[in-house]
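Colleague:
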Amino acid sequence: MHMYSVPTSQIMGFMAGQAGGYARAGFTKKDLDNHLDKSRHLRILGGDANATISYLLGKADIDPMAMAQYSSTAEDWLGSLFWADGICRADYQHFGDVFAFHATYKKNKYKKPLVIFSESNHWCTKL
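Position one of the sequence shown corresponds to residue 90 (this note's numbering), numbered consecutively onward.
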């Protein structure tokens, strides 16, 4: 029902009605929320990296200067991802600036670092 946009509270009400009341349902609304979140998370795990790669590789259709490179692990998970659009590459050609690092401080639940780049341009404006 959830995949047809039925709210969790209505699903819980339906299940409680089938069981003869909320006390007889055998689970709480929080249990149902946790179950739905877990199943949604498992569905996303296999597709989020593929969707990201497809999106970035598809940017080349619009921007011929865009590029993306990625590697996968032995378990066929996304290992690393690098991308740059035409504006980034033009900025590099103009300013000759590059920033490289190895992020090892904090890792997310996939044991991968989440790195946020923040920079200023030559007018000291945040990008």
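For glycine and all other residues, C-beta sits at the position ideal for the given N, C-alpha and C.
Since this is a predicted model, take the numbers as computed values, not measurements.
(1) Tell me the rounded alpha-carbon separation between Arg113 and Lys127.
(2) Where do the N-terminal and C-terminal ends of the alpha helix (DSSP H) with Ala173 fall, by residue?
(3) I need the DSSP call for Ser98, collapsed to helix, strand or coil.
(4) Who are the Cβ neighbours of Ile142 in its own chain at under 8 Å, not counting the five residues just before and after it?
(5) Considering only DSSP beta bridges, list what Met156 is partnered with.
(6) Using the rule of at least 16 other Cβ atoms within 10 Å of the residue's Cβ for burial, across every protein chain shown, is Ala140 buried or exposed?
(7) Using CA coordinates, which residue listed in Ala138, Tyr111, Leu146, Pro153 is at the minimum distance from Asp165?
(8) Exposed or buried, which one is Ala163 when buried takes at least 16 other CB atoms within 10 Å?
(9) Strictly by DSSP, which residues pair up with Ser143?
(10) Assign Ala108 to buried or exposed, taking buried as 16 or more other Cβ atoms, counted over all protein chains shown, within 10 Å of its Cβ.
(11) When you compare only the Cα positions, how much space is there between Tyr181 and Ser161?
Modeller: Answer, in terms of the structure:
(1) Residue 113 sits at position 24 when you count from the first residue of the sequence shown. Residue 127 sits at position 38 when you count from the first residue of the sequence shown. So the alpha carbons of these two residues sit roughly 23 Å apart.
(2) Taking the sequence shown and counting its residues from 1, the one referred to as residue 173 is at position 84. Not the alpha helix (DSSP H): Ala173 falls in the beta strand (DSSP E), residues 167-173.
(3) As a first step, residue 98 must be located in the sequence shown, where it is residue number 9. It is helical.
(4) Taking the sequence shown and counting its residues from 1, one reaches residue 142 at position 53. Excluding sequence neighbours, Ile142 sits near Ala157, Tyr159, Leu167, Leu170.
(5) The residue you call residue 156 lines up with position 67 of the sequence shown. According to DSSP, which records beta bridges pairwise, Met156 is partnered with Ala173.
(6) For the purposes of this step, residue 140 is taken as the residue at position 51 of the sequence shown. Exposed.
(7) Taking the sequence shown and counting its residues from 1, the one referred to as residue 165 is at position 76. The residue with the shortest Cα to Cα distance from Asp165 is Ala138.
(8) Within the sequence shown, numbered from 1, the residue matching residue 163 stands at position 74. Exposed: under 16 other Cβ atoms inside 10 Å.
(9) The count along the sequence shown starts at 1 and reaches residue 143 at position 54. In the DSSP output, where bridge partners are listed per residue, Ser143 has none listed.
(10) The residue given as residue 108 occupies position 19 in the sequence shown. Under this definition Ala108 is an exposed residue.
(11) As a working note, residue 181 is residue 92 in the sequence shown. As a working note, residue 161 is residue 72 in the sequence shown. When rounded, the distance between both Cα atoms is 27 Å.
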